[in-house]
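A.B. asks: Residue numbers (UniProt numbering): 1 to 427.
A virtual CB, placed ideally from N, CA and C, is assigned to each residue, including glycine.
Sharing a structure, written as C-alpha cells. Questions coming.
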Amino acid sequence: MELCGKNNEATSQMTHRKEKLLRCPWCVKTFSLKTQVVQHMRVHTGEKPFCCSVCGKTFSNQSNMVKHMRTHTGEKPYGCPVCQKKFAQTSHMVTHMKIHTGERPFSCSACGKRFTLKHNMAAHARTHTGEKPFVCSVCGEAFSRKRQLGRHMSAHTGESPFTCSVCGKTITQKQNLVTHMRTHTGEKPFCCPICGKTFSNKSNMSKHTRTHTGEKPFRCSLCAKTFSQTSHMATHMKMHTGERPFSCSVCEKRFALKRSMVSHMASHVKIHTGERPHSCLLCGQTFIQKRSLVLHTRTHTGEKPYGCSMCAKTFSHKSCVASHMRIHTGEKPFRCSACDQSFIQKHSLTSHMRTHTGEKPFSCSTCGKAFSQRPHLVSHMRTHTGEKPFYCSLCGKRFSHKSNMVKHMRTHTREKSSLEMALTGQV
C-alpha cells in the first residue's frame with residue numbers, strides 16, 4: 001500500500017491510520033514503535049544505560065549522551081547557513097537563526113516587549129513582578145537571574161578559574177572572560193540597530209538602545225516611577241530609604257551618591273587652603289567650585305536654560321525643573337515616617353518633621369528665641385532691626401511683614417468701593 005512514497009510501509013501505514021498499538025503500563029501513554037516505548041519506560045525506571053567514557057555521567061538515551069560528549073570533544077557539527085557559526089546541537093542553531101530572521105515569538109504580558117527566547121522573556125517579566133527566585137545559600141541574598149547568583153557565589157568561594165592570557169587578570173565567569181578579552185582586541189560585535197554605534201558587550205548596547213526607544217522597564221515599588229537602568233532605580237530608591245552610604249572622611253557628612261561625596265571632598269581641600277579660584281567678572285564674588293560660579297552668574301544675566309516641557313516655565317537650575325515637574329505629575333516622593341504625609345520637595349519634609357520632633361534649629365542672635373523655620377527667624381529679626389521691606393504702592397506706608405501689608409492694602413480697596421458707591425448714589 002503506497003500512501004506518501006515513504007519506504008517503510010508498515011510505519012507509513014500506522015502514521016496515516018493514526019494507530020498507536022503500544023501502550024506504557026505505567027502512565028497509559030501510547031507509541032507507534034517499540035523502541036519509543038523502551039526509551040520512554042526509562043523515565044519511570046530511572047535506568048540510564050548510556051555512559052560517557054570521559055567523565056562517567058550516565059544518560060537514559062544515546063542521543064543525549066552524544067550531545068554531552070561534544071562538551072568534551074568541542075565538536076560542533078551544525079553550521080548556520082547565513083553566518084557559518086557552528087553549534088553542538090541543532091536546537092542551538094535553530095535558536096541562533098532567529099537572530100537573522102528577526103523572529104521573536106515570546107511576548108511579555110505586562111508591556112508587550114517581544115523576545116527570541118522563552119527564558120529571556122521569563123527573566124524580563126521579573127523586572128515587572130520583582131520576583132527573585134534564585135537565593136544564595138550562604139547569605140540569603142536573592143537574584144532575578146541564575147547567572148547573577150552564579151557571579152555572586154564567587155564572592156563567597158573566592159573562585160576565579162578563568163585567566164586572561166594577555167594581562168593575567170583572573171575572572172569568575174567564562175562569559176566575563178570573553179567580554180574582558182575585547183578590551184584588548186578592541187572588538188565591538190554588538191551594533192545598535194537604530195544608529196549603528198557598536199559595543200563590546202550586549203548589556204551596554206541594550207542600555208544605549210533605550211536612549212532611542214525611551215523604554216523604562218525598571219519600576220520603583222514605592223512611587224511607581226520608571227527608569228531605563230537598574231542602577232538609576234537603585235540610586236532613586238535611596239531617596240525613599242534615606243540611605244547615605246558614602247561618608248566624607250574630613251567632616252563625616254554623608255551622601256547618597258559617591259560622585260556627590262567626591263565633589264564635596266574636593267571642596268574641603270580648597271576650604272582648608274582658603275583657595276577660591278573662580279571669580280565673578282560682574283561683582284567680584286569668588287567661589288571654590290566652577291559650577292557654583294556658573295550658577296551665580298545667572299543671577300546677573302537672568303539666564304534660565306532649563307525649561308518645563310509641560311508649561312514652558314524656565315529655571316536657572318536643572319534640579320528646579322525636576323522639583324517643578326512634580327507639580328504637574330502630582331508625585332510626592334518624600335514621605336513623613338511619623339504621619340505618612342507626603343511632600344514634593346525634600347526641604348518641605350525636613351521642615352514638616354520639626355512639627356513632630358519639636359526641633360528649633362534657628363536661633364535669634366539678639367534675644368535667643370528659637371524657631372523651627374528659617375523664614376520665621378528672618379521675620380522675627382525685623383523686630384530688633386526695625387527693617388520694613390514691604391511697602392504699600394498706594395500710600396507708601398511700610399511694613400515689616402508681608403501679611404500686614406496685604407491687610408493694609410484691603411483698607412484702600414474698601415475706601416475705593418465706598419467712594420464708587422457714593423458717586424453712583426447707592427449710599
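With DSSP as the reference, label G358 as helix, strand or coil.
C.D. replies: If you number the sequence shown from 1, residue 358 lands on position 358. It is coil, neither helix nor strand.
A.B. asks: Do you know offhand how far H384's Cα is from K369's?
C.D. replies: Position 384 of the sequence shown, counted from the first residue, corresponds to residue 384. Position 369 of the sequence shown, counted from the first residue, corresponds to residue 369. Using only the alpha carbons, I get a separation of about 12 Å.
A.B. asks: At 4 residues or longer, and completely inside the UniProt domain "C2H2-type" (22 to 49): list those alpha helix (DSSP H) runs for me, N to C.
C.D. replies: The UniProt domain "C2H2-type" (22 to 49) contains these whole alpha helix (DSSP H) runs: 34 to 45.
A.B. asks: Given that a residue counts as buried once 16 or more other Cβ atoms are within 10 Å of its Cβ, and exposed if not, what is S231?
C.D. replies: By 1-based counting over the sequence shown, the position of residue 231 is 231. Exposed is the call here.
A.B. asks: Of all Cβ atoms in chain B, is any one closer than 8 Å to the Cβ of F134?
C.D. replies: Looking for chain B here will not work: only one protein chain is present.
A.B. asks: Measuring CB to CB, does residue 429 end up less than 8 Å from R104?
C.D. replies: Since the first residue of the chain shown is 1 and the last is 427, residue 429 is not available in this structure.
A.B. asks: Applying the 10 Å Cβ sphere with the 16-neighbour rule, what's the burial state of N8?
C.D. replies: The count along the sequence shown starts at 1 and reaches residue 8 at position 8. At N8, the pLDDT of 49 sits below 50, so the modelled position is not reliable and the matter cannot be decided from this model.
A.B. asks: Between Q39 and N120, what straight-line distance do the alpha-carbon atoms span, to the nearest angstrom?
C.D. replies: Here the question's residue 39 lines up with position 39 in the sequence shown. Here the question's residue 120 lines up with position 120 in the sequence shown. Each residue's alpha carbon lies about 31 Å from the other.
A.B. asks: Are there three or more Cβ pairs, one per stretch, closer than 8 Å when the region 184 to 203 is compared with the region 300 to 312?
C.D. replies: Segments in contact, no.
A.B. asks: Tell me which residues share the same chain as R354 and place their Cβ nearer than 6 Å to its Cβ, disregarding the 5 neighbours each side in the sequence.
C.D. replies: Working through the sequence shown from its first residue, we reach residue 354 at position 354. Hits under 6 Å: S372.
A.B. asks: Check each candidate in S60, K388, S363, G386 and name the one with the smallest Cα separation from L377.
C.D. replies: Within the sequence shown, residue 377 is the residue found at index 377, counting from 1. Checked all of S60, K388, S363, G386; the closest Cα to L377 is S363.
A.B. asks: Excluding the 5 residues preceding and the 5 following S348 in the sequence, name in chain order all residues of the same chain whose CB lies nearer than 8 Å to its CB.
C.D. replies: Taking the sequence shown and counting its residues from 1, one reaches residue 348 at position 348. Closer than 8 Å at the Cβ level, and outside the excluded window around S348, lie F334.
A.B. asks: Excluding sequence positions up to five away, which residues of its chain have a Cβ less than 8 Å from the Cβ of residue 430?
C.D. replies: This structure cannot speak to residue 430, because the chain is shown only from 1 to 427.
A.B. asks: Please name the residue, chosen from S292, H72, H317, that lies closest to S305 on a Cα-to-Cα basis.
C.D. replies: In the sequence shown, residue 305 corresponds to position 305, counting from 1. With the sequence shown as reference, residue 305 is identified as Pro, and Ser is not the correct amino acid for it. Closest by alpha carbon: H317.
A.B. asks: Flag this pair as yes or no: are the beta carbons of H128 and A110 separated by less than 8 Å?
C.D. replies: Walking along the sequence shown from the start, residue 128 turns up at place 128. Walking along the sequence shown from the start, residue 110 turns up at place 110. Yes, they are a contact pair.
A.B. asks: On the CB-based measure, 16 or more other CB atoms within 10 Å of its CB, does S365 come out buried or exposed?
C.D. replies: What you label residue 365 is simply residue 365 of the sequence shown in a count that begins at 1. By the neighbour-count rule (16 or more Cβ atoms within 10 Å), S365 is not buried but exposed.
A.B. asks: Looking at C-alpha atoms only, which residue of K48, Y78, P77 is the closest neighbour of N64?
C.D. replies: For the purposes of this step, residue 64 is identified with residue 64 of the sequence shown, where counting begins at 1. Of the listed residues, the one whose Cα sits closest to N64 is K48.
A.B. asks: From T73, S91, H96, pick the residue whose C-alpha is nearest to that of Q84; which is it?
C.D. replies: Taking the first residue of the sequence shown as position 1, residue 84 is located at position 84. Nearest of T73, S91, H96 to Q84, Cα basis: H96.
A.B. asks: Where does V294 fall in DSSP's three states?
C.D. replies: Residue numbering aside, residue 294 sits at position 294 when the sequence shown is read from its first letter. Here V294 sits in helix by DSSP.
A.B. asks: When the Cα atoms are used, what is the spatial distance from T157 to P81?
C.D. replies: By 1-based counting over the sequence shown, the position of residue 157 is 157. By 1-based counting over the sequence shown, the position of residue 81 is 81. Taking the straight line from one Cα to the other gives about 42 Å.
A.B. asks: Since K98 is in the alpha helix (DSSP H), which residue starts that stretch and which ends it?
C.D. replies: Numbered from 1 along the sequence shown, position 98 holds the residue referred to as residue 98. That run of the alpha helix (DSSP H) goes 90 to 101.
A.B. asks: Quick check: what's the CA-CA separation for T357 versus M325?
C.D. replies: Residue mapping note: residue 357 aligns to position 357 of the sequence shown, counting from 1. Residue mapping note: residue 325 aligns to position 325 of the sequence shown, counting from 1. C-alpha separation (whole angstroms): 30 Å.
A.B. asks: Given a cut-off of 8 Å, decide if A88 and K98 are closer than it, judged by their beta-carbon atoms.
C.D. replies: Position 98 of the sequence shown holds residue 98. Position 88 of the sequence shown holds residue 88. No, Cβ-Cβ distance for K98 and A88 is not below 8 Å.
A.B. asks: Compare the C-alpha of R298 against each of F315, G307, Q289, T286 and name the closest.
C.D. replies: Residue 298 sits at position 298 when you count from the first residue of the sequence shown. It is F315.
A.B. asks: Roughly how far, in whole angstroms, is the beta-carbon of K113 from the beta-carbon of H100, given that I think they are within contact range, below 8 Å?
C.D. replies: For the purposes of this step, residue 113 is taken as the residue at position 113 of the sequence shown. For the purposes of this step, residue 100 is taken as the residue at position 100 of the sequence shown. Not really, about 20 Å apart at Cβ, beyond 8 Å.
A.B. asks: By Cβ distance below 7 Å, which residues in the same chain neighbour M381 in space, the five residues on each side in sequence not counted?
C.D. replies: Position 381 of the sequence shown holds residue 381. For M381, where only same-chain residues beyond five positions count, the Cβ hits under 7 Å are C364.
A.B. asks: Below 8 Å on the Cβ atoms is my contact criterion, and I expect F162 with L177 to pass it. Report the Cβ-Cβ distance as a whole number of Å.
C.D. replies: For the purposes of this step, residue 162 is identified with residue 162 of the sequence shown, where counting begins at 1. For the purposes of this step, residue 177 is identified with residue 177 of the sequence shown, where counting begins at 1. Right, the Cβ-Cβ distance comes to about 4 Å (below 8 Å), so this counts as a contact.
A.B. asks: So, at 6 Å on beta carbons, what are the nonlocal neighbours of H70 in its own chain, with the 5 sequence-adjacent residues on each side left out?
C.D. replies: Taking the first residue of the sequence shown as position 1, residue 70 is located at position 70. Looking at the sequence shown, residue 70 is not His but Arg. So the qualifying residues of the chain are A88.
A.B. asks: Residue 436 by DSSP, collapsed to three states: which one?
C.D. replies: Because the chain here runs from 1 to 427, residue 436 falls outside it and cannot be looked at.
A.B. asks: Going straight from the alpha carbon of T411 to that of F287, what length do you get?
C.D. replies: One-based indexing of the sequence shown puts residue 411 at position 411. One-based indexing of the sequence shown puts residue 287 at position 287. If you take the alpha carbons of T411 and F287, they lie about 47 Å apart.
A.B. asks: Report the partner residues of G79 according to the DSSP bridge assignment.
C.D. replies: Residue mapping note: residue 79 aligns to position 79 of the sequence shown, counting from 1. Bridge partners of G79: K86.
A.B. asks: Given that a residue counts as buried once 16 or more other Cβ atoms are within 10 Å of its Cβ, and exposed if not, what is P217?
C.D. replies: For the purposes of this step, residue 217 is taken as the residue at position 217 of the sequence shown. Result: buried.
A.B. asks: State the beta-bridge partners of H278 as determined by DSSP.
C.D. replies: As a working note, residue 278 is residue 278 in the sequence shown. Paired residue(s): F287.
A.B. asks: DSSP puts T163 in a beta bridge; with which residues?
C.D. replies: Walking along the sequence shown from the start, residue 163 turns up at place 163. According to DSSP, which records beta bridges pairwise, T163 is partnered with T170.
A.B. asks: Hey, how far is the Cα of R145 from the Cα of R374?
C.D. replies: Along the sequence shown, read from residue 1 onward, the residue named residue 145 stands at position 145. Along the sequence shown, read from residue 1 onward, the residue named residue 374 stands at position 374. Going by the C-alpha atoms only, they are around 50 Å apart.
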